[in-house]
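Numbering (mature numbering (1 follows the signal peptide of the UniProt record, and there is no 0)), first residue to last: -20 to -1, 1 to 82.
For reference, the structure discussed in these notes is given below.
What follows is the structure, encoded as structure tokens:
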């Protein structure tokens, strides 16, 4: 019986580690502007300009926004002024930047 549990544990671990998670690496040509911003929009551009998944966290680590953008423009009208952590995921790469809303 112990062997069955060991085999099941092996398969669960193998499946969990085989997922394609993005790696923390700089995305080539990543630009985030204007930062700090006083408007409700920022622009995120990369050299590939592929669709990007954007996740924004407050300084306490709480996710406050998650969206996918196809172009460069990101609407921030639902966020209050403050400091945020912006995570950009494009294809298999992920980059993290500080975002300041004034």
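For glycine and all other residues, C-beta sits at the position ideal for the given N, C-alpha and C.
It should be emphasised that the depicted structure is a prediction, and the values quoted were computed from it without experimental measurement.
For residue i, the first and last residue of its enclosing beta strand (DSSP E)
i, result
"residue 30", "It is not in any beta strand (DSSP E) - residue 30 carries neither H nor E in the DSSP assignment."
"residue 12", "11 to 13"
Strand pairing of residue i, partner residues [DSSP]
i, result
"residue 22", "54"
"residue 38", "64"
"residue 43", "37"
"residue 70", "73"
Under 9 angstroms between C-beta atoms of residue i and residue j
i, j, result
"residue 56", "residue 80", "no"
"residue 64", "residue 78", "yes"
"residue 52", "residue 24", "yes"
"residue 60", "residue 34", "no"
Per-residue burial, residue i [other beta carbons within 10 Å of its own, 16 or more giving buried]
i, result
"residue 50", "exposed"
"residue 108", "Outside the shown range of the chain (-20 to 82) lies residue 108, about which nothing can therefore be said."
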